[in-house]
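Under the numbering used here, the first residue of the sequence shown is numbered 120, with each subsequent residue one higher. Inspection log for the structure reproduced underneath, given as structure tokens.
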Amino acid sequence: MRWALVKVSLAVTAMVVVAFAVPLGLVIREMARDRAFSNAEREAAAVAPALSITTDREQLERVVASAGSDTAMAVHIPASGGEGDATDLGRQRATDEDIAAVREMGRASTTEVRGGSTLLQPVALSSGEIAVVEVYVPESEVTNGVGTAWAVLAAVGAALIVGSVAVADRLGLRMVQPARRLADGAHELGEGKLGARVPEEGPNELRLAAAAFNSMADQVVQLLANERELAADLSHRLRTPLTVLRLNAASLGDGPAAEQTRAAVEQLEREVDTIIRTARDAKPQTAAAPPGAGCDAAEVVRERMAFWSALAEDEGRKWRVAGADRPVRIPVARADLAASLDALLGNVFRHTAEGTAFAVDLHNGEDAVIVLVSDAGPGIPDPQAAMARGRGSGSDGSTGLGLDIVRRLAESTGGDVRIGASVLGGTEVRIWIQLDGRAAPARRGHRGTVRRRRGPRLVAGFNRSRSLP
120 MRWALVKVSL
130 AVTAMVVVAF
140 AVPLGLVIRE
150 MARDRAFSNA
160 EREAAAVAPA
170 LSITTDREQL
180 ERVVASAGSD
190 TAMAVHIPAS
200 GGEGDATDLG
210 RQRATDEDIA
220 AVREMGRAST
230 TEVRGGSTLL
240 QPVALSSGEI
250 AVVEVYVPES
260 EVTNGVGTAW
270 AVLAAVGAAL
280 IVGSVAVADR
290 LGLRMVQPAR
300 RLADGAHELG
310 EGKLGARVPE
320 EGPNELRLAA
330 AAFNSMADQV
340 VQLLANEREL
350 AADLSHRLRT
360 PLTVLRLNAA
370 SLGDGPAAEQ
380 TRAAVEQLER
390 EVDTIIRTAR
400 DAKPQTAAAP
410 PGAGCDAAEV
420 VRERMAFWSA
430 LAEDEGRKWR
440 VAGADRPVRI
450 PVARADLAAS
460 LDALLGNVFR
470 HTAEGTAFAV
480 DLHNGEDAVI
490 VLVSDAGPGI
500 PDPQAAMARG
510 RGSGSDGSTG
520 LGLDIVRRLA
530 ESTGGDVRIG
540 ASVLGGTEVR
550 IWIQLDGRAA
560 PARRGHRGTV
570 RRRRGPRLVA
580 GFNRSRSLP
């Protein structure tokens with residue numbers, strides 16, 4: 120906007136200067152020419168009275184000399200009655216034809232000669248003949264003062280252009296700076312700096328925009344505060360049923376199922392405590408994990424599959440784990456990866472029939488780690504809708520937030536989540552975890568699109584893979 124105003128001002132001022140300076144310069148040139156020829160006419164008129172009285176050469180020479188222009192003036196007197204010789208005083212510059220034409224017309228005329236112009240003024244003699252007074256006007260006299268006038272006009276025009284550009288630049292800066300501060304404030308607010316505010320300065324429209332932005336920022340802060348309080352209150356209400364579950368789990372006795380139930384209750388209590396502490400924190404944790412932080416993805420996969428294997432045995436589900444036999448470091452907190460795996464595996468148990476097989480594959484690449492959770496169920500007809508936050512399947516107990524948890528985990532590292540068709544015939548959820556924090560590779564396309572993998576519909580030897588590696 121600033122440079123646009125400067126360009127417009129420059130163009131308009133330049134056109135105005137040209138429109139007025141050029142005609143004014145031409146008028147000044149014509150005035151200088153008229154002044155030069157007016158002086159020549161006065162010099163010729165000074166000789167005319169003497170010519171009407173006498174044609175004596177000596178007297179005329181004195182008259183011409185007294186006029187102060189003996190080098191620039193010439194007098195051409197024809198022969199009297201056609202007898203005798205014609206008299207010419209001074210240096211003749213005009214041609215004989217021009218002089219004869221002036222005698223014949225009987226009026227003054229100008230003609231171009233070398234180095235300037237001449238004024239030819241006819242004068243009637245006492246004998247009835249017509250003498251011609253020739254006054255030389257050099258080009259320097261015709262253009263005297265014109266160059267200075269043009270220089271002054273050019274300087275005035277340049278000053279006007281510079282002044283208009285400076286004023287336009289100041290006006291543009293007065294509008295651009297508030298707009299830039301408004302944009303910076305919006306970026307800061309988008310980055311999570313909830314204290315970002317914009318001074319209400321500049322033109323009236325930008326002041327109104329700044330006031331609206333500040334009001335919006337205040338409302339955002341208030342809404343986030345209300346949301347944190349609501350999350351903390353709702354999480355705190357879970358303590359009572361969790362206490363009951365913990366007491367009941369303590370009375371289950373011994374056995375693998377009882378131990379897993381008690382471990383699940385303890386984990387649930389820890390998650391609720393974490394939610395309460397995070398919700399009460401006025402500064403949400405938006406920064407990336409520091410270097411060296413993270414967990415062993417293979418260990419987390421083995422641990423969560425050991426947890427879900429008991430339920431899989433009860434429902435007669437075949438399951439498989441691949442790629443978790445050696446450590447795989449990822450820049451993700453252990454609890455976050457465990458929550459994401461629990462969300463995906465919980466969806467498998469919740470949305471597929473008993474006996475449906477499932478698998479978890481872990482692929483370790485140079486710049487990324489891929490976690491694949493696939494099943495042999497009916498699949499997801501609309502992957503994009505499933506990725507949308509808050510859209511559940513419509514069944515009881517579904518909030519639609521499970522996939523959103525997985526998506527936020529992947530995007531925190533620069534990766535993403537894709538839903539497609541698995542080799543088992545059902546759904547495959549791929550979690551791309553970037554190791555170096557850069558943006559995900561372009562080959563993955565837009566988030567939420569389906570990328571179908573070609574291959575056999577059932578993995579050979581799947582029935583034999585019922586235990587962890």
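Note that the Cβ used here is the ideal one computed from N, Cα and C, for glycine as well.
The beta-carbon distance between Leu238 and Ala163, rounded to whole angstroms, is 6 Å. This is short enough to meet the 8 Å contact definition. A contact between stretches requires three or more CB pairs, one per stretch, nearer than 8 Å, and the region 126-146 meets this requirement with the region 261-275. Approximately 5 Å separates the beta-carbon atoms of Ala315 and Gly304; this is inside 8 Å, confirming the contact. Around Asn466, the same chain offers Gly521 as residues with beta carbons nearer than 7 Å, after the five sequence neighbours per side are excluded. Membership of Thr132 in the alpha helix (DSSP H) is indicated by the continuous run Arg121 to Ile172. Per DSSP, the beta bridge partners of His482 are Ile489. Under the three-state reduction of DSSP, Ser531 is assigned to coil, being neither helix nor strand.
Across the set Ala336, Ala130, Phe426 and Val182, the C-alpha of Ala130 shows the shortest separation from the C-alpha of Val281.
Under the 8 Å Cβ criterion, the region 359-366 does not count as touching the region 327-339, having fewer than three qualifying pairs. In the three-state DSSP reduction, Ala315 falls in the coil class, being neither helix nor strand.
With a threshold of 16 other beta carbon atoms within 10 Å, Thr393 falls short and is exposed. In the three-state DSSP reduction, Val447 falls in the coil class, being neither helix nor strand. Around the beta carbon of Trp551, 16 or more other beta carbons lie within 10 angstroms, which makes this residue buried. Of all alpha-carbon atoms in Gly234, Val242 and Glu231, the one lying nearest the alpha-carbon of Gly225 is that of Val242. Pairing Ala452 with Val284, the inter-Cα distance amounts to about 57 Å. Nearest to Met424 by C-alpha distance, out of Gly413, Asp480 and Gly321, is Asp480. Bounds of the beta strand (DSSP E) holding Ala441 are Trp438 to Ala441. Ranked by how close their Cα comes to the Cα of Val125, the residues Glu418, Ala382, Leu290 and Ser246 have Leu290 in first place.
Contact annotation, Ala462 with Ile524: C-beta distance approximately 5 Å; criterion of less than 8 Å satisfied.
Note: Gln553 is bridge-paired with Ala487 in the DSSP secondary-structure output. One alpha carbon belongs to Leu325, the other to His482, and they sit about 52 Å apart.
Val317 is positioned such that its CB atom lies closer than 7 Å to that of Ala329. Of the candidates Asp175, Pro502 and Val254, the residue whose Cα lies closest to the Cα of Ile196 is Asp175. The DSSP-derived three-state label of Thr267 is helix. Ranked by Cα distance from Asp433, the options Ala476, Met192, Gly309 and Met335 are led by Ala476.
Secondary structure at Leu342: helix, using DSSP grouped into helix, strand and coil. Each residue's CA atom was taken as its position, placing Ser171 and Arg148 some 35 Å apart. By the neighbour-count criterion, in which a residue is buried when 16 or more other Cβ atoms sit within 10 angstroms of its Cβ, Trp122 is exposed.
About 13 Å separates the beta carbon of Ala376 from that of Ala431, a gap too long to meet the 8 Å contact definition.
Non-local C-beta neighbours of Val447 in its own chain, meaning closer than 7 Å and more than five positions away in sequence, comprise Asp415, Ala416, Ala417, Leu481, Asn483 and Val488, ordered along the chain.
When the beta-carbon positions are compared, Leu543 and Ala495 come within less than 7 Å of each other. Check the Cα spacing between Leu279 and each of Gly235, Gly266, Thr132 and Glu385: the tightest is with Thr132.
Residue pairing by DSSP places Arg537 opposite Arg549 in a beta bridge.
With contacts defined by Cβ atoms closer than 7 Å, Glu253 and Ala213 form a contacting pair.
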